[in-house]
Structure formats: structure tokens, C-alpha cells
Amino acid sequence: MQNEHFDLIIIGGGPSGYAGAMRAIDFGKKVLIIEKNKIGGAQVYNGVLSSKTLWEHALKVQVAKELIPDYTPNFNDVSKIVNEAVFERKTQMTVHLQLLQKRETRLLHYEKGNGYLLDKHTVQITKEDGTIKKVSANYILIATGSRPRIPKNITVDENIILTSDGIKNLKSFPKSMVVLGAGVIGCEFATIFSLLGKTKVSLIDKADRILPFEDEDVTDIIKGNLEAHGCRLHQGASLKKMHIVNGEVEYELEYKNGKTELFKVEKALVSIGREPNIENIGLENAGIKLNERGCIWDDDTQTNISNIYVAGDVTTEVALVNVGEREARHAVVRMFGAAIKPLTYKNISTIMFLNPEVAAVGMNEQECRAKGIAHKVVKLDYATNARAIAMRKTKGFFKIIVTNDNGMRILGMRVVGEHASSAIQAVAYLIHTNQGIRELADMMHPHPSIIEGVQECLRMLLNKSIYKPYVFKDRLKCYICENGVCTPIENLVD
Numbered sequence: 002m003q004n005e006h007f008d009l010i011i012i013g014g015g016p017s018g019y020a021g022a023m024r025a026i027d028f029g030k031k032v033l034i035i036e037k038n039k040i041g042g043a044q045v046y047n048g049v050l051s052s053k054t055l056w057e058h059a060l061k062v063q064v065a066k067e068l069i070p071d072y073t074p075n076f077n078d079v080s081k082i083v084n085e086a087v088f089e090r091k092t093q094m095t096v097h098l099q100l101l102q103k104r105e106t107r108l109l110h111y112e113k114g115n116g117y118l119l120d121k122h123t124v125q126i127t128k129e130d131g132t133i134k135k136v137s138a139n140y141i142l143i144a145t146g147s148r149p150r151i152p153k154n155i156t157v158d159e160n161i162i163l164t165s166d167g168i169k170n171l172k173s174f175p176k177s178m179v180v181l182g183a184g185v186i187g188c189e190f191a192t193i194f195s196l197l198g199k200t201k202v203s204l205i206d207k208a209d210r211i212l213p214f215e216d217e218d219v220t221d222i223i224k225g226n227l228e229a230h231g232c233r234l235h236q237g238a239s240l241k242k243m244h245i246v247n248g249e250v251e252y253e254l255e256y257k258n259g260k261t262e263l264f265k266v267e268k269a270l271v272s273i274g275r276e277p278n279i280e281n282i283g284l285e286n287a288g289i290k291l292n293e294r295g296c297i298w299d300d301d302t303q304t305n306i307s308n309i310y311v312a313g314d315v316t317t318e319v320a321l322v323n324v325g326e327r328e329a330r331h332a333v334v335r336m337f338g339a340a341i342k343p344l345t346y347k348n349i350s351t352i353m354f355l356n357p358e359v360a361a362v363g364m365n366e367q368e369c370r371a372k373g374i375a376h377k378v379v380k381l382d383y384a385t386n387a388r389a390i391a392m393r394k395t396k397g398f399f400k401i402i403v404t405n406d407n408g409m410r411i412l413g414m415r416v417v418g419e420h421a422s423s424a425i426q427a428v429a430y431l432i433h434t435n436q437g438i439r440e441l442a443d444m445m446h447p448h449p450s451i452i453e454g455v456q457e458c459l460r461m462l463l464n465k466s467i468y469k470p471y472v473f474k475d476r477l478k479c480y481i482c483e484n485g486v487c488t489p490i491e492n493l494v495d
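Numbering of the sequence shown is given in this note's numbering, commencing with residue 2 and proceeding in unit increments.
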């Protein structure tokens, strides 16, 4: 019997695969999604949605404690909230998929099973019952995602020693937990459990400071708040061993001075990054190359095989849901649409769900210094923002980095504080379109709002701010950095 043929086969039904399929439908193409587990992938089940729902609830717990000092969260109530969020999103995506499949045009098709490349046009689907089916397509999009990286010397059982995938297996709040890895995910979970207040959290970081890819003024606030909520930071520490002993976790650390310490906790969370799902999908049969990092090589989402594209975490270029979705949509347009500009990653907006939240776009100061880029910096304390004052959440700052010339092109921005994510997108748009700052500075922003802080930073650059940096020197800062030297300035323009 002849194989069923499609315009596009997508291997992987996570956020990237799903987004790619929806974009292909826009072009009137016949699409098949192959997913071996659950539609929505880690975005819904083991990652973004569940962890951010936990984070949101942890913040509410803190507000409740401010009003009722002896308030304590109930584990079952917290689990119910997370499960409801996952169920809502899962149902939404599943129903959407089912209704699309029932349309008369029948453009969208779905198969649950493992997709395996037989050649550059043919895919074998192996279902749970062992049934095998072969299909073919003009184009193939690989969007198989990633999984938590696990050190070879640690046995992860997802009950006592967990990755982010195993958080859902918890039956109660652990009395104590150690988090291995002080990157974004590790710091997010350390934030969540320390805010919930039922777990004594420790965080292992072999670097001298957490979140080492960010500027020190960002990490100092996050570190201070973690410690204020009882989190113990093992900084400059290397993990010698971690084992399960009598149902608990025993781990040994070695510090830079050679000193070692042994600790025992109830649970451990391993969070040292992610690795691409590239095994058992037949890459070698299609002749697909890997890059030096062991990920699928691509050029603007296209692999070395011209009809096969790739998107999302499987490339580990930038492991973010919004990036994966954008890559998939871009790949589909390259397949079926008119010629378009290559993707750019310089204006990616990101949110770190910490305490307080951190929003970022473009370069930070340490990146500018590393690249030898002369730049100006304006920094505005949250304590000057009316909305932050009204919320009684004045810890944080806005920071905008621009070129050290009259054009003052925006290089990057960081916002640390309550509702930080609401302030980032307008600046991301200016970076994306390579526009100047004057139009945004002169707009009538809503009041009171967090985004007024962005406007005031831009006014500072134009030397027309409401608060003057030479008066409020502790709240407003302006400086020029060139050749590794930063010099404070009062007036940024003549």
C-alpha cells in the first residue's frame, strides 16, 4: 500500500511543533504532527506552565503572610491549582487540535507515536502497541525538544533526587531541599520553595555568584531576597558526590580552599541545563549533521538537508518557548512563503521568574564590556516609580544601555522588580526596528504604571527627566563606559 503523503511532517508536538503546524495551515498545506507523549510538551506538563503557576502562587503566599503572619500554604491546595492550570491549557490545545482535524479541508493530521526518519522524505511511526506506519512529505520539521541534563555520577529517580520533570511527583512540601545549579531554572525553583516557606532550601553554585551571565546589580538583589527567605547559598562549591542514603539525599561539597563538607536533605533538585532529544529519530538515515555542541546543525532553521528544518530546544540555540515557536513559524514560511530576512536573536525578550522578577532584552553591561562596545547607562530605582510605591514594592530598578554617541541606539535593557515583564516590550521593539529613543520618551504613558520607569530612563538620556540624577544620586545613575572604565556623568546631552 502506498504511504500517505503530506506537504509537511512535524516530528514533535511541543510548543515549536504545534506553532509550526498552525502556520503551515495558513498556507493551506497538509500537515502531520507526530508526538510520542503529550501534545504541548514540556511547556504544559513539566516546564513553563507548571513552574510559573507555582511561582505565581508562591508570590500570593507571600502577600497572604504580610496580611496574616501565621498563614501557611496547604500542599494539596497548591497541587490542585497547578493541576487545574495544566488541565486547562491541555484541554484547550487538545480540543483545538481535534476540531481542526474534523474540518472538511482536513489539512491537519495527528499521530501519537515515535517518529523515525527512514530517509529525507520518509518517516516511520511506531505506536505504543507496536504498530508501524510509514508516511512521507515534501518537507520535514524536527521539533523534538530537550530534556534535563543529568550528571553521570548522580542517580536521578525523580522521587528523592529530581529534575524539573519530577517536581510533579512530590506528595508534600519537603522539609529540606538542595538545588544543584544556579542558572535560571535552579534559581526559579529555589525562589518558589523558599517563598512557600515550608522548605529549607540550599543552592549549589560552583561560580562565585548566582546567574553569572547577568550583571552583578541584578544578581545581588536576587541573592539578597533568596537569603532573606532562608535560602543557603553554597557558592564557589563543587559537588563531589550526591547519593540517596536511607531515603534521603547525602551530598558532599568541596570549596576552592580544599575544604569539604557533608550535608543531608530530604530532596534534591538537579538543574544543570538541558540537552536535545536527538536520539532514536533516524538523523543518520537522512544525513543530518550535528554541530560541535552535539545539537542539530542549522542555518536559519534549515539543516544541511535542504528539505529538513529544525526548531526549538533540539537546537539549544536559545531554549525558550517563545524562541522555539518563532523558529518553527519562520521555518514554515521559508518552506512555503516568500523570501524573508533571517531570524535575529538580538531582541529576544526574556523573563526570569525570581524574587523579584527580572525582564531582559538585548545585551547587558558585562556583554558590552566583553565586546569592547563603548556605551552609556541610565539606571532608575523603583523607589521613584508611583506604581511601585502604590504597590509597596519599591525594591528593584530599570536599566537601559545605549551606544555612546548622539544616536543613542538601545543595546539592551534590564528591569528588576514587580511587574518587570510589562516594561520590556516597547524597548525590544526599538531594538528590533533600530529606532531611536525620542518617540518613546515623548509618548503619553499610562499613569501610574511600571512602564513609566522606561520613559523616565529615556528622558534621562535626553537630559529632560523629571527627577534629576545630580540631585537624587542614590536613585538615578548615569555613566559612560569606555575601554573598561565607567565614568559618572550628570548631563547626557548638551
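C-beta: ideal position from N, C-alpha, C; glycine also.
Rounded C-alpha distance that separates residue i from residue j
| i | j | result |
| --- | --- | --- |
| D495 | D209 | Model confidence at D495 stands at a pLDDT of 45, short of 50, so the residue's coordinates are unreliable and nothing is read from them. |
| I490 | M444 | 26 angstroms |
| P470 | N356 | 27 angstroms |
| I222 | V62 | 20 angstroms |
| N75 | A229 | 22 angstroms |
| M2 | T54 | Note that M2 has pLDDT 45, beneath the 50 cutoff, so the model's placement of it is unreliable and the number below is only indicative. The alpha-carbon atoms of M2 and T54 are separated by roughly 48 angstroms. |
| A5 | I126 | The displayed chain sequence assigns Glu, not Ala, to residue 5. For E5 and I126, the distance between alpha carbons rounds to 12 angstroms. |
| A421 | I186 | 18 angstroms |
| K153 | C296 | 19 angstroms |
| E67 | M364 | 36 angstroms |
| F394 | E358 | What sits at residue 394 in the sequence shown is Lys, not Phe. About 12 angstroms. |
| T123 | K135 | 7 angstroms |
| F194 | E419 | 19 angstroms |
| I161 | L9 | 42 angstroms |
| R104 | F7 | 17 angstroms |
| P213 | D120 | 42 angstroms |
| H446 | E440 | 12 angstroms |
| N407 | K342 | 28 angstroms |
| I390 | K396 | 10 angstroms |
| F28 | Q236 | 52 angstroms |
DSSP bridge partner residues for residue i (one or two, in chain order)
| i | result |
| --- | --- |
| K377 | V403 and I481 |
| A415 | The residue asked about is misnamed: residue 415 is Arg in this sequence, not Ala. R415 is bridged to A361 and K400. |
| F7 | A138 |
| D221 | Paired residue(s): none; D221 is not in a bridge. |
| R90 | R90 is not bridged to any residue. |
| K268 | M178 |
Contact check, residue i vs residue j, beta carbons under 7 angstroms
| i | j | result |
| --- | --- | --- |
| E267 | E249 | yes |
| A183 | L197 | no |
| A269 | Y256 | no |
| I40 | V311 | no |
| F398 | K380 | yes |
| P277 | V334 | no |
| R330 | R90 | no |
| I411 | I432 | yes |
| I306 | A287 | yes |
| G167 | E159 | yes |
| I273 | R150 | yes |
| M178 | V202 | yes |
Residue closest to residue i, alpha-carbon to alpha-carbon, out of the options
| i | options | result |
| --- | --- | --- |
| D216 | Y471, N435, S423 and R415 | R415 |
| I155 | I245, Y140 and L108 | I245 |
| K169 | M353, G21 and S80 | S80 |
| K30 | E36, K103 and Y140 | Y140 |
| Y72 | R410, N247 and K199 | K199 |
| P1 | N386, Y480, V315 and K37 | Nothing in the structure corresponds to residue 1, since the chain is present only between 2 and 495. |
| A1 | A391, E326 and T345 | Outside the shown range of the chain, which is 2 to 495, sits residue 1, and nothing can be said about it. |
| T132 | G116, P213, P152 and H110 | G116 |
| A427 | G408, N405 and I401 | I401 |
| R370 | Y46, I341 and C482 | C482 |
| S17 | K290, Y346, E328 and L431 | E328 |
| S165 | V45, V32, A138 and A360 | V45 |
| F473 | N348, A287, N77 and Y383 | Y383 |
| M392 | E85, I451 and S423 | I451 |
| L118 | I11, G42 and I69 | I11 |
Within-7 angstroms CB hit, residue i to chain B
| i | result |
| --- | --- |
| A339 | Chain labels in this structure do not include chain B; a single protein chain is all it has. |
Secondary structure, alpha helix (DSSP H): runs of 4+ residues fully inside the stretch 10 to 40: Segments of the alpha helix (DSSP H) lying fully in the stretch 10 to 40: 16 to 27.
Complete beta strand (DSSP E) runs within the stretch 228 to 264 (minimum length 3 residues, chain order): 233 to 236, 238 to 246 and 249 to 256
Unbroken stretches of the beta strand (DSSP E), 3 residues or longer, contained in the stretch 335 to 367: Within the stretch 335 to 367, the runs of beta strand (DSSP E) that reach at least 3 residues and sit entirely inside it are, in chain order, 350 to 353 and 359 to 363.
Beta strand (DSSP E) runs wholly inside the stretch 112 to 142, at least 3 long, in chain order: 115 to 118 and 123 to 127
Contained alpha helix (DSSP H) runs [length at least 4] in the stretch 40 to 82, N- to C-terminal order: 42 to 45 and 49 to 68
Secondary structure, alpha helix (DSSP H): runs of 4+ residues fully inside the stretch 275 to 309: 284 to 287
Ranges of the alpha helix (DSSP H) found wholly within the stretch 185 to 214, counting only runs of at least 4: 185 to 197
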